[in-house]
Each structure stands twice: as structure tokens, then as C-alpha cells.
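Visitor:
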Amino acid sequence: MITSQIDQAIGQLLLDIVLPMKLTSGNDGQGWSFYKSHNDRTAFGKYFKSNFCNRVPFGYPTFVAITRILGKKEHLFDYPNVPRGNAKQLIDAMVTEGRFWHDDGPEYITGIIFRQDSSQRDNGPAIRIQIWQSGDQPVRPKADTIAVAGRQKS
0 MITSQIDQAI GQLLLDIVLP MKLTSGNDGQ GWSFYKSHND RTAFGKYFKS
50 NFCNRVPFGY PTFVAITRIL GKKEHLFDYP NVPRGNAKQL IDAMVTEGRF
100 WHDDGPEYIT GIIFRQDSSQ RDNGPAIRIQ IWQSGDQPVR PKADTIAVAG
150 RQKS
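Letter by letter, the sequence shown follows residues 0 to 153 of numbering that gives the first Met the number 0.
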């Protein structure tokens with residue numbers, strides 16, 4: 000399967016966690032308001048702040064797999080809708096509150112795949128996040144900046 004291909008092509012699995020939260024499709028439209036995005040990022044942020052507050056960001060580029068674990072009576076999303084929902088807010092919260100990366104740019108996250116799993120409905124809805132090292136060159140930390148809601152503030 001794709002996991003073993005990633006493991007062989009990219010490198011060591013650094014993290015494998017399951018969040019007791021729901022990944023949305025955004026298929027109802029994101030509109031012009033930032034309210035829903037802000038609420039999603041805040042909810043993810045609270046989870047990461049309380050569970051990963053003392054993390055040191057990864058020192059190497061990484062590759063990420065985000066798996067939506069379906070709950071009871073949930074249906075698979077059309078695959079183009081998986082990354083367009085609240086996945087961006089999830090990554091932003093992992094940067095700002097979880098301190099997984101210094102930034103979410105391509106120097107730090109070299110790629111992301113999105114998957115869905117309907118075989119674990121008793122464990123869902125949930126989000127599985129797997130992170131692999133994807134390079135041997137250390138990343139440059141951004142020590143003089145603080146990430147705030149997807150923007151950099153000096």
C-alpha cells in the first residue's frame with residue numbers, strides 16, 4: 000500500500016497520532032467569512048496546546064499523510080474535497096500551537112497526501128496524522144518569529 004511506499008521512498012516515520020476530532024470537506028462552501036475557519040483552527044489549537052505544548056519542531060523536512068477516519072453513518076468524501084475542508088486549519092494549528100514545524104512552507108513540509116479510512120468506524124470520526132522525515136538537510140529554524148493564525152509576526 001502507499002504507506003510502505005512512503006516508508007521506503009521517504010524515510011523514517013517520526014510521528015503517528017490519532018486526534019479525536021472530525022475532518023470536514025468544506026463542500027458546504029467556505030464563503031467570504033473567516034469565522035468557520037477561525038473556529039476550526041481554534042479547536043485544533045486547543046487540542047495541540049494541551050497535548051503537545053513542550054514539543055520541539057522537527058529539525059528536518061517532512062512528508063505528511065492525513066487520514067480521515069470515518070465515524071458511524073458517515074460517507075466517503077469526493078477526494079478533491081478532502082484537502083479543501085478544514086485540513087489547512089489543522090496544519091496551521093500544528094505549526095502555531097503544536098510546534099510540529101517552524102512554518103508550513105515547502106522547506107518544512109515537502110508534501111501532503113489525504114486519505115480516508117472507512118474500516119475503523121468504531122474509532123471515528125477521527126484524524127490520523129503520520130509524519131515522515133523527507134530529507135537529510137536540517138531546516139533553518141525561525142527563532143525570531145512567532146507564528147500567529149497562519150501569518151508570521153516579528
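Yeah, the Cβ is synthetic: ideal placement off N, Cα and C, and Gly gets one too. As the structure is a prediction and not an experimental result, all values here were calculated from the model.
Could you have a look at Phe43 and say whether DSSP puts it in helix, strand or coil?
Guide: helix
Visitor: Closest to Leu22 by C-alpha separation, out of Lys141, Ser49 and Leu89, would be which residue?
Guide: Leu89
Visitor: Would you be able to state if there are at least three C-beta pairs under 8 Å between the segment 118-125 and the segment 97-107?
Guide: By the Cβ test, the segment 97-107 is not in contact with the segment 118-125, since fewer than three Cβ pairs between them sit closer than 8 Å.
Visitor: Taking DSSP as the reference, what is the three-state secondary structure of Leu89?
Guide: Helix.
Visitor: Could you round the C-beta distance between Ile163 and Ile111 to whole angstroms and report it? I think they count as a contact, below 8 Å.
Guide: Since the first residue of the chain shown is 0 and the last is 153, residue 163 is not available in this structure.
Visitor: Distance, Cα to Cα, Val154 vs Trp100?
Guide: This structure does not reach residue 154, given that the chain is present from 0 up to 153, and the question cannot be answered.
Visitor: Helix, strand or coil, according to DSSP, for Thr23 in the structure here?
Guide: coil
Visitor: Do Gln136 and Phe13 have their beta-carbon atoms positioned less than 7 Å apart in this structure?
Guide: The question names Phe, but residue 13 is Leu in the sequence shown. Cβ distance not < 7 Å, so Leu13 and Gln136 don't count as in contact.
Visitor: Give the DSSP-derived three-state secondary structure of Arg83 in the structure shown.
Guide: coil
Visitor: I need the DSSP call for Val94, collapsed to helix, strand or coil.
Guide: helix
Visitor: Does DSSP classify Arg120 as helix, strand or coil?
Guide: helix
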